[in-house]
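Participant:
Numbering (this note's numbering), first residue to last: 4 to 420.
#1: Quick check: the Cα distance between residue 33 and residue 416, rounded to an integer number of angstroms?
#2: Between residue 167 and residue 270, which are expected to be in contact by the criterion C-beta below 8 Å, what is the C-beta distance as a whole number of angstroms?
#3: Taking the beta carbon of residue 99 as the centre, do at least 16 other beta carbons fall within 10 Å, making it buried, or is it exposed?
#4: Counting only runs that start and end within the region 171-243, where is the alpha helix (DSSP H) found for 4 or more residues in a row?
#5: So, for residue 131: in the same chain, excluding its five sequence neighbours on each side, which residues have a beta-carbon less than 7 Å away from its beta-carbon?
#6: Can you grab the Cα-Cα spacing for the pair residue 45 / residue 135, in whole Å?
#7: Which runs of the alpha helix (DSSP H), 4 residues or longer, sit entirely within the region 55-136?
#8: I need the DSSP call for residue 139, collapsed to helix, strand or coil.
#9: Alpha carbons only, please: which of 337, 320, 413 is nearest the one belonging to residue 347?
#10: Using the three-state DSSP reduction, which class does residue 330 fall into: helix, strand or coil?
#11: For residue 105, collect the residues of the same chain with a Cβ closer than 6 Å to its Cβ; drop the 5 residues on either side in sequence, then sort them by chain order.
#12: Counting along the chain, where does the alpha helix (DSSP H) carrying residue 292 start and finish?
#13: When you compare the region 295-310 with the region 167-176, are there three or more beta-carbon pairs, one atom per stretch, that lie closer than 8 Å?
#14: Under 8 Å by Cβ, that's how I've got residue 266 and residue 315 pegged, so tell me the actual separation to the nearest angstrom.
#15: Flag this pair as yes or no: are the beta carbons of residue 86 and residue 123 separated by less than 8 Å?
#16: Take residue 147 and list the residues in its own chain whose beta-carbon comes closer than 6 Å to its own, dropping the five residues that flank it on each side.
#17: Taking the beta carbon of residue 365 as the centre, do at least 16 other beta carbons fall within 10 Å, making it buried, or is it exposed?
#18: Is DSSP giving residue 307 helix, strand or coil here?
#19: Please state whether the Cβ-Cβ distance between residue 231 and residue 391 is less than 8 Å.
#20: Is the separation between the beta-carbon of residue 218 and that of residue 92 shorter than 8 Å?
#21: Report back the beta-carbon spacing between residue 260 and residue 397 to the nearest angstrom; my notes put them in contact at under 8 Å.
#22: Rounded to whole angstroms, what is the Cα-Cα separation between residue 52 and residue 192?
#23: Along the alpha helix (DSSP H) that carries residue 11, what are the first and last residues, could you check?
#24: Does DSSP put residue 302 in a helix, a strand or coil?
#25: Among 37, 56, 55, whose alpha-carbon lies nearest the alpha-carbon of residue 47?
#26: Using the Cα positions of residue 386 and residue 363, report the straight-line distance between them to the nearest angstrom.
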């Protein structure tokens, strides 16, 4: 059978699904790691930072080498790294005297594959002959959300059927997905990332543009707005709200992912009719309100509603910012997508790590200490609420920055007019 660009698009969708496995499978096991191996919460949070820290390094390397190495080779290598990391995540920790070392090694391999995927999948799709580039980009990233929800649902079903004690075999089952995706990417056709006769911008050319650094800051905020709720919502629901693991996974990260996917899918269909800058600013504002609601609500239902609001609002931030930057830098090419992914990963590492650190810090505060927020809550609940409340600053900063960009744009128009 002759494969077409439709199959290339489907392969890209599967690539985003694999990225969802990389980022969201391990957090479902955070409580298990904490209880089975007595790993402190701050070390659990550090796994998230290691994941995105390795992705940052890979983003830097890949942004400068993928054009020479080849996009097909890079995207297939990414699948190999992810599959290997998943196998080791299941098999290695129980075999080592220090299980945390096994988790770190498996996380690093997963992150290396995820970092490569981040750099290559978006430009592969962006290069295809499509009309609405921004809508297609956001629709692509909706498959990350569907992957996230599928990982939560099927993993929860696995825990019900096999028991949480059999968690080691779950990553091995998920390793089938990157293997199949890698085989598909070996066969599908691809377009040149930059059109013939044109030259992509270099790192130096991008660095010389002040607007590029604005987009880097916005990507940091987008990553830091998305991942704290995505990574900590399960643990927040279980320990902070007092619900069991199945309910915590379904009403925390699963609902978050589904609503994030719905917002991306809707924007992918109708986004051509909406102003991208205003949509991003409004999404940042609503996301900040969702964090505040989740942290300060007095009932579990309202707190989980805050998690859901975050998912609905944060959906378009990352892919929308990629599209916004690609419009402003049409010759950005691999360097632009790689460096923007780098900025996003800095935020993805900073956000959950900060929440974990603040959670431990607040939980350890004695009675009567200053800044002891949520004094009537249990130490764990108060810690998680404090961390998530602080995370609301990231989407708020994104919203404020976009509004400032708009004001400066209008002022330049008036001066020019």
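Glycine included, C-beta positions come from ideal geometry on N, C-alpha and C.
Facilitator: Judging by the given coordinates:
#1: In the chain shown, counting from the first residue as 1, residue 33 sits at position 30. In the chain shown, counting from the first residue as 1, residue 416 sits at position 413. Looking at the two C-alpha atoms, the distance is approximately 51 Å.
#2: Along the chain shown, read from residue 1 onward, the residue named residue 167 stands at position 164. Along the chain shown, read from residue 1 onward, the residue named residue 270 stands at position 267. That belief does not hold up - the Cβ atoms of residue 167 and residue 270 are roughly 36 Å apart, past 8 Å.
#3: The residue given as residue 99 occupies position 96 in the chain shown. Exposed, since its Cβ has fewer than 16 Cβ neighbours within 10 Å.
#4: Considered as a whole, the region 171-243 harbours 173-177, 179-188, 206-210, 213-238 as its complete alpha helix (DSSP H) runs of no fewer than 4 residues, in chain order.
#5: By 1-based counting over the chain shown, the position of residue 131 is 128. Hits under 7 Å: 8, 11, 12, 194.
#6: For the purposes of this step, residue 45 is identified with residue 42 of the chain shown, where counting begins at 1. For the purposes of this step, residue 135 is identified with residue 132 of the chain shown, where counting begins at 1. Between residue 45 and residue 135, the C-alpha separation is close to 43 Å.
#7: 74-94, 102-129
#8: Looking up residue 139 in the chain shown gives position 136. In this structure, residue 139 counts as helix in the three-state DSSP scheme.
#9: Looking up residue 347 in the chain shown gives position 344. For residue 347, the nearest C-alpha among the options comes from 320.
#10: Locating residue 330 in the chain shown gives position 327, counting from the first residue. In the structure shown, residue 330 sits in a helix (DSSP, three-state: H, G or I).
#11: Here residue 105 corresponds to residue number 102 of the chain shown, with the count starting at 1. Once the five neighbours on either side are set aside, the close Cβ partners of residue 105 are 95, 96, 99.
#12: Residue numbering aside, residue 292 sits at position 289 when the chain shown is read from its first letter. Start and end: 279-299.
#13: no
#14: Sequence index remark: in the chain shown, residue 266 carries index 263 (1-based). Sequence index remark: in the chain shown, residue 315 carries index 312 (1-based). Taking the Cβ atoms as the reference, residue 266 lies roughly 5 Å from residue 315, within the contact range of under 8 Å.
#15: The residue labelled residue 86 in the question sits at position 83 within the chain shown. The residue labelled residue 123 in the question sits at position 120 within the chain shown. Result no, Cβ atoms of residue 86 and residue 123 do not sit closer than 8 Å.
#16: To locate residue 147, count along the chain shown from 1; it is residue 144. For residue 147, the CB contacts under 6 Å within the same chain, skipping 5 residues up- and downstream, are 19, 22, 23 in chain order.
#17: As a position in the chain shown, residue 365 is number 362, starting the count at 1. Under this definition residue 365 is a buried residue.
#18: What you label residue 307 is simply residue 304 of the chain shown in a count that begins at 1. Helix.
#19: As a position in the chain shown, residue 231 is number 228, starting the count at 1. As a position in the chain shown, residue 391 is number 388, starting the count at 1. In this structure, residue 391 lies closer than 8 Å to residue 231 by Cβ.
#20: In the chain shown, counting from the first residue as 1, residue 218 sits at position 215. In the chain shown, counting from the first residue as 1, residue 92 sits at position 89. No, Cβ-Cβ distance for residue 218 and residue 92 is not below 8 Å.
#21: Position 257 of the chain shown, counting from 1, holds the residue named residue 260. Position 394 of the chain shown, counting from 1, holds the residue named residue 397. Approximately 19 Å separates the beta-carbon atoms of residue 260 and residue 397; this is outside 8 Å, ruling out the contact.
#22: Along the chain shown, one-based indexing puts residue 52 at 49. Along the chain shown, one-based indexing puts residue 192 at 189. Taking the straight line from one Cα to the other gives about 35 Å.
#23: Numbered from its first residue, the chain shown carries residue 11 at position 8. Segment 8-27, the alpha helix (DSSP H) holding residue 11.
#24: Position 299 of the chain shown, counted from the first residue, corresponds to residue 302. The answer is coil: DSSP assigns residue 302 none of H, G, I, E or B.
#25: By one-based count along the chain shown, residue 47 stands at place 44. Answer by Cα proximity: 37.
#26: If you number the chain shown from 1, residue 386 lands on position 383. If you number the chain shown from 1, residue 363 lands on position 360. So the alpha carbons of these two residues sit roughly 6 Å apart.
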